[in-house]
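Everything on this sheet refers to the single structure shown next.
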Amino acid sequence: MMSNITAARAAATYFDKIDRYELQESLAYYSSDWLLSTEDTLPSICLEANYDCSTSCQIPPAYYDTRVGQLLTEVDYMMKSLWHGAYFPKDKRTKFAERWRQAVNLNTTTGEPETRRSLHLVWTEAGIQDLAKDPEFMAAYETLPPENKDDPFAMEEKKTFMRHVDDLALKLTLFQKQIHQHQNIFLVDADYHISSIVKSDKLEFPIYEKLQRRITSHQEFIRKFLPLKAELHRHLVLLKFVSFMVPFLIAIKKRCKVPDVSKLLPPFTFEECKTEREFPPLILRPDFTCKNFESSEKYFHLHGGIVFDRETGSTVPLSDSIIAEKENLEYVASDGYSKASTDSVMLESYPMKLVEINGKSYYVLNIVLETYYPASPKLPLWVHAHYDEIAKLKPKRLPIPELQIHEQFKKRYGYQKTVKLKQIPAGLHAAAVRGLVAIFYTMCRRLPPSRLTTQDSTGLSLIHYAAMYNRPQIITMLMVMGFDINVRRFNNISSQGVTPLHLAARCGALESLACLISYKADVSSIDSHGWSPVHYAAYFNHVDCLLHLIHKDTKLVQLQSKDETLSTPILLSASSGALDAVKCLIELNADYTVTNNHDNGMIQLASLHFHTNILEYFIEWNNKDLPVWDILVGMLKSEHLERQKSAVKCLEVLSVAKDNHWKSILYAGGVPALVTLLKTDDEDLQGCAASVLCNIGSHEEVRLEVSAADAVVVVIKLLNSPVAMIHSRSAVIIGDLGCVSNNQEKIAEEGGIEALVGLLNSDVEHVLVNAVNALRVVADGSKSNQKAIAESGALDILISLLSTRSKKLQANTAACLSSLAKCHHDNQDLIVAKGAVKSLVTLARSKSSVCQVKAASALEALAEKNPEAQKIIDEADAPKPLIRLLKMWSIEVKEQGAGALWALAGSVRSHQQRIASMIGINILVDMLMLKSERLQYIAGSAMIALATENIENQNKIVAGGGVLPLVRLLRAGKSSQKVLLMVIRVLGILCVGVAHQSNKSTQVEIANAEALVTLVQLLRSSKVPLIQVETAITIGKIALNNNQTQKVLAEQTRFRVIDILHLLKDEEEEVRLKAGRALSIFGYNNTSQQYAIKNAGGVKLASFEEFLESSTQLYRAHAAFQIIVLARVIVDCDQVTLTARGVQLLVSLLASDEDHTKILAASLTASLGHTRAGIPAALITAGAVKALLQNLFNANEEVRSSAAVALGYLSFDRTAERLMLVACRNTPGLFDALLRNLGSGKIAMVFVDDWNQTKNVGLPSER
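Under full-length UniProt numbering, residues 1 to 1263 are what the sequence shown spells out, in order.
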């Protein structure tokens, strides 16, 4: 007795907590808990729009204020937020739901806001967020393609979507993939899919297909990224578990079993399970990332829902490995429950132990069941106590009073419409649409059943609306009242109108469809379109409905429509782009090779209706029975214009869908077919065919195929088309064709240059962009085309385009000017003369990295081997923006900046030193460490310019950390020969100052970095003679006049100078010359090395003779220096004769007509000026002083500098000093010129003092 009283009290307390109207709804549903329901109420949620744009969360009453209800609201809200890209966190959402009407001063009569404040500001203050800023979704929104407002097709598609958005919704359906069972063990294998639903029967099929194309991408986005949020992922997992428990508990209840509530965990409190009844409206600010919907100053409601599919297939046996673990699983589940049940208060979550079986992890739950007796005995007590309480409450609460009906309608529809809903037919219609079961129940009692069957002006009755809006409870009430389950639309005038089942299948109303089928609705009935419900479910992509229908009758999978096309469901799904339905029907063994009455199969239909998602699926499937590419190319060759257009439009999309699709188009013979379409007179065909060729034309094989199809003439003709888009695409194709050998000349011969230059007068940006790019390609490397374009008058237009607002056009124009100027001196001068430099420098200062790079490329091309252009570019202050490029993160940007700077440096050493100094040693060292050979090479070249004969800069480079990167590159096995030679030369140059003066500190630093060991290893292991000889030169420089490094070389490497003698006989002239140079470095002021060479057999004069007699003056200068230094080791000629010959030759070269020869001869003379005794005197006697003094007034700065340095060293000889003093007395300004050009060279202080004394005394000249 006490147990009965306790159970009754608990049931009464439960119902007392429920809101009055929700209790009435529960009673109308016949229970307050779905386990007790005679109709087995399923959990679900449906977001319904109210008149004021708030959103009602419509949940079956049994799930209000439950944990399942919370999961449904959270997941559905997040799904819609992800769709829109806007979001309120829960705490802010619940607060704003209470006060948003007040914040906007809502007129409760009209439902319109009357505030003058910005609605965007109101929602921002309330805490609305751009979901793309959420760290967990940021990466997801980055995958969305940018909105192209220039694409009229895309914009029209979006407008259509926004016009019908209120009729569309997204629905998440949870289902069981398979039920695995062994005795009392079940394996949960659940999943979900997201689909669109159309809550209207008025949407025309072509419009729906447009909507389907757009909304399919939205569905895929949400399906892929919804679980990214950790909390939401957990909620989805819980809902998957619920989706299993729904059919499971329904099934066990039919077997008189229910869970033993005494063995469940402690329940949540009523407040902890509170569910939201209403969501506030959302608003989209213009700055929000997601562009699925139009942003505006207008807020909007949400729409959609979540349903559970309770239908399951036959059970599948569990795997033997799981069955073998049965006892362990039972223990783990019991143990987990025992530990969790020790808490008296329900926790938010409980730890669960994972069980590993065959590499998979499982969670184990234990549910204890007890027997349920429907009649007697009344067990369990809590179930029957709830039944008794329902029986008591039902006569008290139902029907509901008129005032309460008015309040519920007013809340949802507003005052104005509620007045109209007082009329019973209108009120019944509204209640059926919104699923207001208690109100519908009450209003039905006021009319006789015969009046309920009345159809409205659209021919629909109440059961049609209930079916369309997924209201199974309304359907059940109507069936109890004797409604015809198969009633037709306009049944009084037509026998082929749609039935409720047609509408449920069309609108994706799963629960209504299941309810109608359970009441024996005719699944094969045909409407006026000749379609049955299965055709609607397939066409509108409702997989859950499709499965229910086909499980009811498997013959439906091949059921042909009764219209003129005789289409099966799979053909209809392909024609509408219903990819999920296509996949489902294939799994159900539908014939995917079938064709309709017009001989169109799935590929043809998908193409004709432009559903590329279907085509992509079959491409990925790669089924031989459905050769997508062959069929599409076949349609291109069709005589029917519609087929050609459909196929080429699909190819336009597919060609960019995946990187390798170009191959499929090429191998299917698509290129010749596309070129053929270019020859037609239809501008749409021409434009689409050109677009496909543009998309795939970046690949060499495609370019060759297009060229082989003789497309040049056709495409040049299209450049004169009246359609701007055709101009643009044709220019792109010309650019692609220009990359094929011999096509540049052919394009020019066929008038392509004139046509492209003519397009430069267009007002359309993309035409200009592509025309300029085509001119770039046509001019690249072709002297004749460069000249022809320059003479066509294009330069003035191109230079003016550098000042346009379009960054892309500016960048392409700069690239075109670069192509026109590259290696073409006349064009360089012409472009510079027309004032392009200033615009290019301005562009290099812009914030667009692409523009910066292209401008730098153009400046590089203008400056290349053109001193006049270099000077003008330098005066325009170009180095500063170019140096900024070196500080950018992108390697490509750095490379172009460095290339332009080094082209600007030219070939004059002083200019190179100035540019290298502006770059800075720190940046140069950083460039050495980057993975770019171009940067490494330029950095090395700049270091050579800085360090050559400049000990101060050498020391700065070493102090700036330059040695270790150089040694690292030396050791790197992947460095190219070009970079490796540069590194070897830099290391050598860092060790030697003016006139072979060694820099002992840098020599030691390089030796300490173990560079000598690496260099000797390279010398011995390299198979490239040039590398060997350059390495030998650098080793010599590191050891030059430095006992410490010479010791390291001898002890750590056992290097012998005689190891390089064989290079004197190498096949390459350059190697032989440099071998003599290496020997001269080792022998320079080093008697021991000279004796080592002589003891090894010495060297013959023949090794130097060819260079002494060479027509190249630089070779003669080097050879002269070498025989002077190595006179003691040349065994077949006496030392005096050799020295005299070398001196005479070197001095004669000081008077050369070539500046390079004068510079080298003077530099070598300076080195000989402090070598062994007798050499300086011989140079003086041979007339070196006179020749050098004459060079002090040379126009070339380097000539003057090298001459001054040589005179400085010779000034230590008294004879030379006297000659120089006399010359300075006789030539005004000569002494000043000497000191001004001396730089870091040395000069005898005796000479300076004598000059100062002479000057003070005022001695006259000796003329």
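For glycine and all other residues, C-beta sits at the position ideal for the given N, C-alpha and C.
Can you say whether residue i is buried or exposed, counting buried as having 16 or more other CB atoms within 10 angstroms of its CB?
{"i": "residue 1072", "result": "buried"}
{"i": "residue 991", "result": "buried"}
{"i": "residue 440", "result": "buried"}
{"i": "residue 102", "result": "exposed"}
{"i": "residue 20", "result": "exposed"}
{"i": "residue 34", "result": "With a pLDDT of only 31 at residue 34, under 50, the local geometry of the prediction cannot be trusted, and the value read off the model is given with reservation. Per the 10 Å Cβ criterion, buried."}
{"i": "residue 1245", "result": "exposed"}
{"i": "residue 5", "result": "exposed"}
{"i": "residue 1256", "result": "exposed"}
{"i": "residue 323", "result": "exposed"}
{"i": "residue 544", "result": "buried"}
{"i": "residue 66", "result": "buried"}
{"i": "residue 741", "result": "exposed"}
What does DSSP give as the partner residues of residue i in its beta bridges?
{"i": "residue 354", "result": "363"}
{"i": "residue 558", "result": "In the DSSP output, where bridge partners are listed per residue, residue 558 has none listed."}
{"i": "residue 130", "result": "86"}
{"i": "residue 516", "result": "Per DSSP, none; premise fails for residue 516."}
{"i": "residue 173", "result": "193 and 307"}
{"i": "residue 300", "result": "282"}
Which residues mark the beginning and the end of the alpha helix (DSSP H) in which residue i is found?
{"i": "residue 1037", "result": "1025-1039"}
{"i": "residue 806", "result": "Per DSSP, residue 806 belongs to no alpha helix (DSSP H) and is neither H nor E."}
{"i": "residue 1002", "result": "1000-1008"}
{"i": "residue 851", "result": "849-863"}
Rounded to the nearest angstrom, how far is the Cβ of residue i from that of residue j, given a contact under 8 Å?
{"i": "residue 603", "j": "residue 615", "result": "7 Å"}
{"i": "residue 1149", "j": "residue 1157", "result": "5 Å"}
{"i": "residue 814", "j": "residue 764", "result": "The Cβ separation is near 20 Å, so there is no contact."}
{"i": "residue 1029", "j": "residue 1102", "result": "Residue 1029 to residue 1102, Cβ: 18 Å. No contact."}
{"i": "residue 694", "j": "residue 733", "result": "6 Å"}
{"i": "residue 985", "j": "residue 944", "result": "6 Å"}
{"i": "residue 355", "j": "residue 368", "result": "Wrong, their Cβ atoms sit about 19 Å apart, outside the cutoff."}
{"i": "residue 954", "j": "residue 947", "result": "5 Å"}
{"i": "residue 629", "j": "residue 668", "result": "4 Å"}
{"i": "residue 831", "j": "residue 785", "result": "In fact, because the Cβ distance is near 15 Å, the residues do not count as touching under 8 Å."}
Assuming residue i is part of the beta strand (DSSP E), what are its boundary residues?
{"i": "residue 186", "result": "185-187"}
{"i": "residue 665", "result": "Residue 665 -> not in any beta strand (DSSP E); alpha helix (DSSP H) instead, spanning 661-667."}
{"i": "residue 316", "result": "315-317"}
{"i": "residue 191", "result": "190-198"}
{"i": "residue 1079", "result": "Element bounds for residue 1079: not the beta strand (DSSP E) but the alpha helix (DSSP H), 1069-1083."}
{"i": "residue 305", "result": "304-308"}
{"i": "residue 1264", "result": "For residue 1264 there is no data in the structure shown, the boundaries of the chain being 1 and 1263."}
Is it the case that the Cβ atoms of residue i and residue j are separated by a distance below 8 Å?
{"i": "residue 304", "j": "residue 76", "result": "yes"}
{"i": "residue 478", "j": "residue 501", "result": "no"}
{"i": "residue 662", "j": "residue 716", "result": "no"}
{"i": "residue 726", "j": "residue 690", "result": "yes"}
{"i": "residue 882", "j": "residue 893", "result": "no"}
{"i": "residue 434", "j": "residue 112", "result": "no"}
{"i": "residue 960", "j": "residue 983", "result": "no"}
{"i": "residue 649", "j": "residue 688", "result": "yes"}
{"i": "residue 864", "j": "residue 903", "result": "yes"}
{"i": "residue 1058", "j": "residue 1096", "result": "yes"}
{"i": "residue 86", "j": "residue 288", "result": "yes"}
{"i": "residue 190", "j": "residue 212", "result": "no"}
{"i": "residue 820", "j": "residue 789", "result": "yes"}
{"i": "residue 1171", "j": "residue 1184", "result": "no"}
Would you say residue i faces chain B, with C-beta separation under 8 Å as the test?
{"i": "residue 326", "result": "This model lacks chain B altogether, as it is built from one protein chain only."}
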